[in-house]
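All remarks here apply to the structure that follows.
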Amino acid sequence: MSSAATSPAGPDHLWSVDEHLEDILTTVRPLEPIELQLLDAQGCVLVDDVTVPVSLPPFDNSSMDGYAVRVADVAGATEEFPAVLEVVGDVAAGAAHLVRVGPGQAARIMTGAPLPPGAEAVVPVEWTDGGLGEGPASGMRARALAPRARRGTYACTAPPRHARTCAPGAAT
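Each step along the sequence shown adds one to the number in this note's numbering, with nothing skipped, and position 42 is 378.
Below you can see the structure in the form of structure tokens.
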């Protein structure tokens, strides 16, 4: 703070909030920006917004182990009237080849695995009989994925349950 000797009202003057603020703003200067590796930047403040040039993750993926399904095949399924689907394959995280899910079909899917072509949602394995043919589990249902957003757009919508949609990315 400026000394009382330089205060226009003398040493007994009580400073107002505005006078304190003006004194601070004329005295304090922003630090020069520095470039750091991400892991070294913890606790630092960004100079500019961070933007991403591509969608992250680059694909829709499962948030849990379960079955990748078409919504039309499980819509209205209940414990009394279950959806019975043919399991056509497995989809692991990092899978290079994805099975296609057609009408009346499902694919076993692991957490983090890409949603296979034709699938729109994931039914958690806990909501099924696990493919054992022992009857339905209660609460078997699924929700469709939100429409895909294009790179450079922002969509503020709640994600579907049990499937993580491809992030829209940010404008570059």
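We put the CB at the ideal spot given by N, CA and C, even for glycine.
Just so you know, these numbers come straight off a predicted model, no measurement behind them.
Proximity below 8 angstroms, CB of G425 to CB of A443: On the sequence shown, residue 425 is found 89 positions in, with the first residue counted as 1. On the sequence shown, residue 443 is found 107 positions in, with the first residue counted as 1. Yes, these two residues count as a Cβ contact at 8 angstroms.
Decide if D348 is buried, meaning its Cβ has at least 16 other Cβ atoms within 10 Å, or exposed. Here residue 348 corresponds to residue number 12 of the sequence shown, with the count starting at 1. By the 10 Å Cβ count, D348 comes out exposed.
Sheet register partners of A411 (DSSP bridge): One-based indexing of the sequence shown puts residue 411 at position 75. Per DSSP, A411 has no beta-bridge partner at all.
Going by other Cβ atoms of all chains shown within 10 Å of its Cβ, with 16 needed for buried, is D409 buried or exposed? Numbered from its first residue, the sequence shown carries residue 409 at position 73. Looking at its Cβ environment, which holds 16 or more other Cβ atoms inside 10 Å, D409 is buried.
From the DSSP output, in three-state form, read off V437 for me. Translated into positions along the sequence shown, residue 437 becomes position 101. Correct three-state label for V437: coil.
V423 beta carbon less than 8 angstroms from that of I445: Numbered from 1 along the sequence shown, position 109 holds the residue referred to as residue 445. Numbered from 1 along the sequence shown, position 87 holds the residue referred to as residue 423. Taking 8 angstroms as the cut-off, the Cβ atoms of I445 and V423 do not count as close.
Environment of V353 [buried if 16+ CB atoms lie within 10 Å]: If you number the sequence shown from 1, residue 353 lands on position 17. Exposed is the label assigned to V353, since fewer than 16 other Cβ atoms lie within 10 Å of its Cβ.
Which one of G454, L421, A431, A429 has the shortest CA to CA distance from V437? Here residue 437 is taken as the residue at index 101 of the sequence shown, counted from 1. Ranking G454, L421, A431, A429 by Cα distance to V437 puts G454 first.
Going by other Cβ atoms of all chains shown within 10 Å of its Cβ, with 16 needed for buried, is V405 buried or exposed? Here residue 405 refers to the residue found at position 69 of the sequence shown. Classification for V405: buried.
Do P452 and V435 have their C-beta atoms within less than 8 angstroms of each other? For the purposes of this step, residue 452 is taken as residue 116 along the sequence shown, with counting starting at 1. For the purposes of this step, residue 435 is taken as residue 99 along the sequence shown, with counting starting at 1. Cβ distance < 8 angstroms, so P452 and V435 count as in contact.
Alpha carbon of A411 to alpha carbon of F417, nearest angstrom: Mapped onto the sequence shown, residue 411 falls at position 75. Mapped onto the sequence shown, residue 417 falls at position 81. Using only the alpha carbons, I get a separation of about 11 angstroms.
Could you spell out where the alpha helix (DSSP H) holding E422 opens and where it closes? One-based indexing of the sequence shown puts residue 422 at position 86. Per DSSP, E422 is not a residue of any alpha helix (DSSP H); the beta strand (DSSP E) it occupies stretches across 422 to 427.
Going by DSSP in three states, A480 sits in which element: helix, strand or coil? By 1-based counting over the sequence shown, the position of residue 480 is 144. Its pLDDT being 38, under 50, A480 is placed unreliably in this model, and the value from its coordinates should be taken loosely. The answer is coil: DSSP assigns A480 none of H, G, I, E or B.
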